[in-house]
Structure formats: C-alpha cells, structure tokens
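Quick look at the structure:
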C-alpha cells in the first residue's frame, strides 16, 4: 500500500585524494600548489597523466542506478496493513476458506499493481528530464593546448577557462584575467564571483575562496587557467554527493500514521479473535469451529478495501498534481505537503528567478521601477531620451554576446531577447534591459564598431569602450561602480541637453545611489563623452576618464518570481511557516524577505558562519523563531532541516542547486525546480516541472485533499467493519446463530461498499481546507471526533441491525431470511450514510449532493450488486441468501433513515463546537 521511503544507494568508489597538506589550497602560492601536485604552468606530460590516472582514478561522480522494476514492485508490499491482510488470507486458505483468501489476495494485488505503475511512470518521467552530455575541456599537456573529455582530468592538469565554460574539476587559479564565475549551483550566491590569483588567509567557506574554481560552476566573464586539485568525489560537489548518500531520509507522516494505525488495528483484531476463541471454548464450542469464527471476526475487522483506496487516493492526487505542473516521484509523497507546517525555501532560483535583471532605472527625470511611466509630460519626454541614452551605453559598453536565435518567437523584440546567449550576469541584464526598452534588431545592425576598450577590473572599477559615431566625432562609453563613475563626470544628462555637475548635484546622486543600494539593489552607473574622430585609442587620451556626462543608474538584482509574494502569503494563511535559507549575504537575504512581506529583526537572522559554534540542541531552539539563514553551506542546510524535524515539524525543503541536495534528501518532502540540477531533481520527492513556485500551494492543497479523503475512507470503512464485528460478537455472546456470515462480510466490504469506497477517493476539495492549521507530526490519523463517530455509528448501526435480525428470526424462525436481512441492512445502511460521512464540516443538507457524481453512480452500483447477491440464484447459493419482500425492504429503509438522522445530530454537535472554538480564537 504505502512503501517506506527507500534510500537510494550510490555505488562506493575507491578514490585516492591528492596530496594532503596542513594548509588549504587557497592558503598556498601558485608555485607551492604546482610543486605539491608535481605540475607546472605548462601542464603535465603524458607520462605523468598516465601515472596520475592510475593513482587517482577518473574524474567522475558515482552514478545512482534507477530503482529496478523488481525493487519498485517489492516496495509496494512494505506496509503493516498489507502484512496483516496477507496473514489473514494465508490463514483463510489454510482452513479451507478459499473464497475469502482469494478475495483478500485480490485486494493486495490491486494495491500493488496500482502503486507500481504510478511510481514507474514517475521514474520514467524523471529520466526524460535528464540530459546526458559528454563534457569536454581544454587542457595544457606537454606544453600544448588540447581538448579532452572531462572524465580524463587528473590532479595537476592545467585547465584553460573562457567565458561560457563549465568548470569540471576543483582547482587553484594560476592565471586570471577579469575572470568571473557563477557559483550559484554550489553556494547559492546569485552574483558571479570575481576571481583572483593571490594567496588568501583565514578559515574560509567555499563561497569566499576567490582564488579557487569549483566543479559544476560556470565561467561568465574573462578567461584564466587553473591547476586541478581535486576530481570526482574529492571535489566540493563530490563531497555533497557523499553527504546525500549518507543522509537518512525520514519516513513521511502519512507512513508513520498509517503504520501506527495498522499496528493498533492488528492488535485489536488479535485480541478480539483471541477473546472470542477463548469464550467459545469455555462455552464448549469445538476448537475448530471457534477458530473459523475467530477468523471470520478478523476478516470483518480488517478493512480489506483500505489498501486499495489509499493507493488510489494517492495515485489520483499524484495525477492532479502532475496536471498542475509538478511531478511526484514517490506515491506516498503526494500527501506530505498537505501535512507540512514549515517550508524552507532556497532563495536563488526558487523564490527568485535565478537570473540578474534590471528592475530599476534612475536618471535625472526618471526614477522608478523599470517600465513604470511618469505622469508628468515634461519628465516623461526628458526621461524617454535619458533612458534611450542609457540603453545606448548598455549596448555599446558591453561584452555580452548576441548570436542567432534558434527558437521561433512571435515578435522581433522577443526574438532578439532570446539571442543573448553568453555574457556575465550583469552585462546580460543591462543588455536585456535595453532590448526590453527601445533597442531593436535595426539598432543592432546599425551598431557603431568598437575601436578600443578598457576592460573592467577591480582596481579601476569601470569599463570603457570607444566607438565610431560620425565622421567628425567618436563616442566613449563608460559603465561601472557609481562612486567611481560620478567622480569622472563633469556633466549630467537632462533630456536632450547636458548640465554642469555641481558638488550639490554629485552629492544628491550619491545619496540616491546609497538609498537604492539599501533596497537590496546592485547599482551600476552609465556615462559617455564625445571625442575627436581622429582619436582611435584611449592611449591617445591621457584624461579619457574625465569630463564625462552622467546618464543614470541601473538597479540590478535577482528578482522575485512574479508569484512568490502571493504564494508565501497563501502558505501563511494555511498555517505554514516559511524560512528563507540562502547562500547570499544577510543584506541581500533581508531585502528579499522584506519584499515577501516579512519584517525580520536582527535576532531572526543567523549567518552560516555563526552556525558552527551553535550546538544541535541550541539550533533546535533557535529555529523556532529564526526567519532567515544566510551564507549557508550544504551541511548548514542539512542541520537546519534536522533541527526542525527534531522539534516535531513536518518540513518541506525547496531548492534547485547541487548545494541543496542533502537538505532535499533529509526533508519530509524535497521540492526541486524542473530547471534545477539533475542532482536536485533526483534527490527531491516533488519536481516543479513548470518552475512555477506557486505550484507549491496547489500541491499543498492537493496534499490536504488527499489526507482528508484518506480519513473519510478510513472513517467509512472502520464504521462498517466495527458494525460487522459488533453484530458477530453480540450474536455469539447472546448464544444466537451467527447473524452474518464471513462470506457475506467480505461481499459487503469488497463489493457492495467497494464502489462508494472508491468514489470517496474522488471527493473534491472542501472550501475551508486551506484555512485550517497543518497537522502535527505525532497527530493520529483519526482525531477524537472521527474516533467517536466510528464508535457511535458502529453502535447505532449494529444495535438497529441486530434488532431487525432478532425480530425476523424470532417471529419467523427463518434463519436464512434473518441473515439475509442483516446482510442487506448492513450493506444498504453503509450505502446511504456515506452521504453523511463524506463531510464532517457541513450537514448533509448543506453539502452539494452532485459535487461528486461518481459517488451517486457508486451508490447505485452498490444497490445493484446487493440485489444480485440476494436475487440471482448462483449468488444466493454462494452467499446463502434468500429473496426479500417489500415489507423487508421497508424495515431496512426505515432503519437507514433512523441511523442517518442520529449521525447528523451528532455531526451538528461537533460542527457547533468547532465554530464556537474558532469564534473564541478570533475574539
């Protein structure tokens, strides 16, 4: 029915690490690193490569094999209730009750087949998401550059890096020319990191090791060389793979609740059966007869259809979630988000788009969100020209690459936007801003050639280009750090004119810069100046960086996904707490949190650097109030999730990077984006195929519907099962003939009630479901109200039905007719009171009768098969029934109305109690 979460094992690989030393690689000079690795700046010789390959192995991570079909099939049997059913079927078969055993076996087989095919489909769908690409890299060997498969890299190899390259091994940089690397997949930090060659000091986390490059990251700008220091599982990504391998996946709350429920039910069945067997023997019944009766009671007590219904509910929920854009990898995970009370969200790429974009432009006449129009006509006219000039700077003073588009787009602007394929995140952002503004394909074709460039570096803090313009004049364009650009400017742009830059104006612009920076934006400034046409290089202009015209600022950040704020608000309304976990610094994280509507104090933010000094016990206390964890490592995220679970929270973890994988594996449900890394998707339980963060709310809703429907099915089945038990037990204690036979019980459980059971799995969402608080981890699957109703329904139904049995038996002496009335009454009563138990939030008169049309069809079907059981000769013989008359049916229907009336009275009491509690809570 519900398999225990299986921890997939990665094959063990024998790995020899590079030479150990007392200092980290980033502490050592380039010369010392090369010496320890036995290499030079000209790379290894072919002989050295062969030796290193023998010593260190290949540069590959161990691959996780997909779950075999046999393992997937056997996993479906891993449930306490399934074990109980198999034992009951085995005993029935042993004592000659073949029909009973076959029916129970059939229920188990249906459950296993449905679960197997649902998980097999999910496994195949995930496999189709993976892209298997053979990565190649440029290396220097024997003093020559050559391209090799990345798996052939060894420690000591020298890799040549250029913009657009994926780093395929960890290494110490030995050359760096304006080199920037995007490490978001590894560290979670959204901005590209500028790399250096110099020695670094201190105990640094991966995100701060700026003279190192790491496997799985992307070169966004510049070029450089690195000497390989680690390959395979000795890389930082490899260490994460090992951490994932050894991360224990906790069982889901549903698994725990159903197993607890099954164990308790099994114990009750065992005690009841043993009690009856003992009583019967004491009353001098034969041991064989009492054993058969005890088995009959066990069969009555076990809701054989439950395994099928739970699996069907999960499968239906799985399909509903898939239609809304998410792939559930494991059947049981379909419900878990409905139980979640804490969602840990990785910032970069999850609640943000994972891409740097211009979200704010500030010029003399325009200061606001990109695209927002000024209502002042004069400001609007000036602002349009100023933004146009800023867009020119964005295009000309930019090294982002524009190439041919491959995808078909509907407009010229969309087509051009799709063509930006390579560039640093910052340069790509401002170029896309220009394209989204007034820059067109025609402008691109008319671009003035660049005749000289001063590349950006950290000492100058700006980039400059010299472009042809007219026959008499060239233009110099500048972009860079605002505080630097402003010192270079003697003028500022106002509409189509330029104005003198006064000290007051410069101070005003610096104040604007500081204000926008405080909003979590990364600011770049743009400027230009005209130069004579005979100037062809900046070397001819000693003061080229002075006398420029300031145009404006670009405000850049990794913005929130459009649906993120609303999604967080909806989860809060559903009683779910959100914690932001990110590799970014605390200020960036704080700005994002405020955009999402949080108002965190300094005590509610913890930096990853501080976590090392906090014990697990202290962390478990802190996570109760902390909203933001910044600068976190993969192991930090794992500790945070574990601490929350220690407190009894049901935790969902979202992420898209390699660095999120250990926490995704540990969480009760890991949620990965479809655009995330393969490692994240393989580790997660739920994959958001459409990358739509709001899909989480849909999945939470579906998870709650799944759990709600499971509880409806359990209430319905147990009320019926305990009715049957009560009838058998009371009949035996009273010394009567069995009022109902074991075969008749099975017919009701699996045939008559089988249709409504299945129809309840299709119950739609009830309106209040997202306004209720999440369940606690240790909550029973049946709360007090449901337990009470099961007992109440069982008592009133069994008493009423036993009254009918006794009346007919004593007045007519016809035991077959009395049993047939009992058999029919139990079946019909449950067919009708299903309309009461389908909703405990509303009266039967307030519930939309037609909201689940399958239930109506199921009840009609249940009546038909009940008629078959008492009117078709073959089944009369099989079930030992006789035809009933109109008066018999009148008695049965009267009993049904009586029972439904009592159930509704009791429901009304509980509904009134809940409404009163909510009123007191809101007062």
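In my numbering, the protein residues as written are 63 to 985.
Just so you know, even glycine gets a beta-carbon here, dropped at the ideal spot from N, CA and C.
As the structure is a prediction and not an experimental result, all values here were calculated from the model.
For a quick check, are the C-beta atoms of residue 613 and residue 555 less than 7 Å apart?
yes
Three-state secondary structure (DSSP) at residue 669?
Strand, per DSSP.
Using CA coordinates, which residue listed in 950, 526, 579, 305 is at the minimum distance from residue 616?
579
For residue 515, name the three-state secondary structure that DSSP assigns.
Correct three-state label for residue 515: strand.
For residue 244 and residue 255, I'd like the C-alpha separation in whole angstroms.
6 Å
Indicate the three-state DSSP secondary structure (helix, strand or coil) for residue 276 in the structure shown.
coil
Rounded to the nearest angstrom, how far is the Cβ of residue 293 from that of residue 215, given a contact under 8 Å?
6 Å
Is the segment 618 to 627 touching the segment 380 to 390 in the sense that three or more CB pairs, one from each, lie closer than 8 Å?
no
Do residue 248 and residue 721 have their beta-carbon atoms positioned less than 7 Å apart in this structure?
yes
Straight-line CA distance for residue 704 to residue 833?
27 Å
Starting from residue 220, follow the beta strand (DSSP E) in both directions and report where the run begins and ends.
220 to 224
Who are the Cβ neighbours of residue 801 in its own chain at under 6 Å, not counting the five residues just before and after it?
789, 793, 867, 884
Within 10 angstroms of the Cβ of residue 260, are there 16 or more other Cβ atoms? Answer buried if so, exposed if not.
exposed
Could you compute how far the alpha carbon of residue 139 sits from the alpha carbon of residue 329?
20 Å
Which one or two residues does DSSP pair with residue 529 in a beta bridge?
512, 537
Check whether the Cβ atoms of residue 776 and residue 319 sit closer than 7 Å, and answer yes or no.
no
For the alpha helix (DSSP H) that residue 616 lies in, which residues bound it at each end?
Per DSSP, residue 616 belongs to no alpha helix (DSSP H); it is in the beta strand (DSSP E), 610 to 619.
With a CB to CB cut of under 8 Å and the five nearest residues on each side skipped, what residues in its chain are close to residue 439?
At residue 439, the pLDDT of 43 sits below 50, so the modelled position is not reliable; the number obtained from the coordinates is stated separately. None.
Specify whether the segment 905 to 920 and the segment 838 to 852 touch according to this definition: at least 3 beta carbon pairs, one from each stretch, less than 8 Å apart.
Because the criterion of three Cβ pairs below 8 Å is not met, the segment 905 to 920 and the segment 838 to 852 do not touch.
With residue 584 as the anchor, note down where its beta strand (DSSP E) starts and where it stops.
Element bounds for residue 584: 584 to 594.
Assuming residue 379 contacts residue 767 (C-beta within less than 8 Å), just tell me the rounded distance between them.
At roughly 7 Å, the Cβ-Cβ gap stays under 8 Å, so residue 379 and residue 767 are in contact.
Relative to the ligand ATP, is the shortest distance from any of its heavy atoms to the C-beta of residue 663 smaller than 6 Å?
The ligand ATP is absent from the structure shown, which contains no ligand whatsoever.
Going by C-alpha to C-alpha distance, which of 135, 692, 273 sits closest to residue 241?
Comparing Cα-Cα distances from residue 241 to each of 135, 692, 273, the minimum goes to 273.
To the nearest angstrom, how far is the alpha carbon of residue 582 from that of residue 697?
27 Å
Determine the burial state of residue 811: buried for a count of at least 16 other Cβ atoms within 10 Å of its Cβ, exposed for fewer.
buried
Just to confirm my understanding: we take residue 747, look at its own chain, exclude 5 residues before and 5 after, and list those with CB closer than 6 Å. What are they?
391, 392, 395, 731, 732
Taking residue 640 as part of the alpha helix (DSSP H), name the residues at either end of that continuous run.
Element bounds for residue 640: not the alpha helix (DSSP H) but the beta strand (DSSP E), 639 to 643.
Is there a Cβ from chain C that is less than 7 Å from the Cβ of residue 273?
Protein chain content of the structure displayed is limited to a single chain, and chain C is not contained in it.
For residue 846 and residue 646, I'd like the C-alpha separation in whole angstroms.
46 Å
Can you name, in chain order, every residue of its own chain whose Cβ lies under 6 Å from the Cβ of residue 434, other than the five neighbours on each side?
The predicted position of residue 434 is uncertain, since its pLDDT is 48 and thus under 50; no value can be drawn from it.
Taking its Cβ as the centre, do 16 or more other Cβ atoms sit within 10 Å of residue 208, making it buried, or is it exposed?
Answer is exposed; the Cβ neighbour count stays below 16.
Which of helix, strand or coil does DSSP assign to residue 418?
Correct three-state label for residue 418: coil.
Comparing alpha-carbon positions, which option in 524, 237, 597, 487 lies nearest residue 513?
597
Reducing DSSP to helix, strand and coil, say where residue 459 ends up.
coil
Leaving out five residues before and five after residue 28 in sequence, what residues of the same chain have Cβ atoms less than 7 Å from its Cβ?
There is simply no residue 28 to check, as the chain begins at 63 and stops at 985 in what is shown.
Going by alpha carbons, who is nearest to residue 723 out of 450, 701, 269?
Minimum Cα distance to residue 723 is reached at 701.
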